[in-house]
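In the working numbering, the protein residues as written are 24 to 208.
Cβ coordinates follow ideal geometry from the N, Cα and C atoms, glycine included.
Given the structure is predicted, the values throughout are model-derived calculations rather than measurements.
Structure representation (structure tokens):
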């Protein structure tokens with residue numbers, strides 16, 4: 024072990040990392056999508072997820088106004104869309120229309136589910152906690168959806184190295200999947 028900066032240690036810790044897309048909207052706005060790496064499953068009974076969003080983000084405003092959201096696990100098929108949703112603000116554009124994201128109707132509210140995602144969880148916010156420059160929203164899962172295509176794989180935030188297939192990249196942001204090892208026989 025060698026001592027390093029907190030930032031360098033976090034970079035090393037976070038690759039590869041699972042990604043999520045969070046769909047939110049206020050009562051009088053269009054749906055917006057934000058790409059997140061900071062989320063986790065927090066409870067089996069009742070089923071809950073926590074998501075962490077910076078207070079300056081447009082999605083923070085929407086989540087504060089409407090206490091519902093959809094947590095979607097993007098598939099590798101959604102690499103370019105996931106990257107675009109992470110580097111573009113929804114304040115001025117409709118990300119669903121602009122990035123040609125396929126949506127469907129859920130059951131909890133008029134917040135759409137993402138049809139090319141591996142899974143979707145419709146959540147009702149039951150609590151929120153300020154954590155420095157972020158707020159953690161804790162949502163109880165009311166409805167769950169999985170893609171019928173069982174061959175779809177979850178998209179990851181990956182390091183740039185030979186063990187990963189890069190599917191989308193913008194500067195330091197690299198999205199991809201683990202390369203398959205071919206068995207010799």
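Minimum C-alpha distance to residue i - residue among the options
i: residue 118; options: 45, 145, 77; result: 45
i: residue 141; options: 48, 115, 41; result: 41
i: residue 159; options: 143, 105, 150; result: 150
i: residue 106; options: 126, 152, 195; result: 195
i: residue 169; options: 96, 70, 60, 33; result: 96
i: residue 129; options: 157, 123, 93, 100; result: 93
Residue i vs residue j beta-carbon contact at 9 Å
i: residue 75; j: residue 154; result: yes
i: residue 82; j: residue 57; result: yes
i: residue 131; j: residue 147; result: yes
i: residue 167; j: residue 69; result: no
Exposure label - residue i; buried when at least 16 CB within 10 Å
i: residue 181; result: buried
i: residue 187; result: buried
i: residue 112; result: exposed
i: residue 91; result: buried
As assigned by DSSP and simplified to three states, the class of residue i
i: residue 101; result: helix
i: residue 86; result: helix
i: residue 200; result: strand
i: residue 189; result: strand
i: residue 127; result: strand
i: residue 116; result: coil
Residues bridged to residue i [DSSP beta-bridge criterion]
i: residue 210; result: Shown here, the chain extends from 24 to 208; a query on residue 210 therefore has no answer.
i: residue 217; result: Since the first and last residues shown for the chain are 24 and 208, residue 217 lies out of range.
i: residue 41; result: 179
i: residue 93; result: 46, 145
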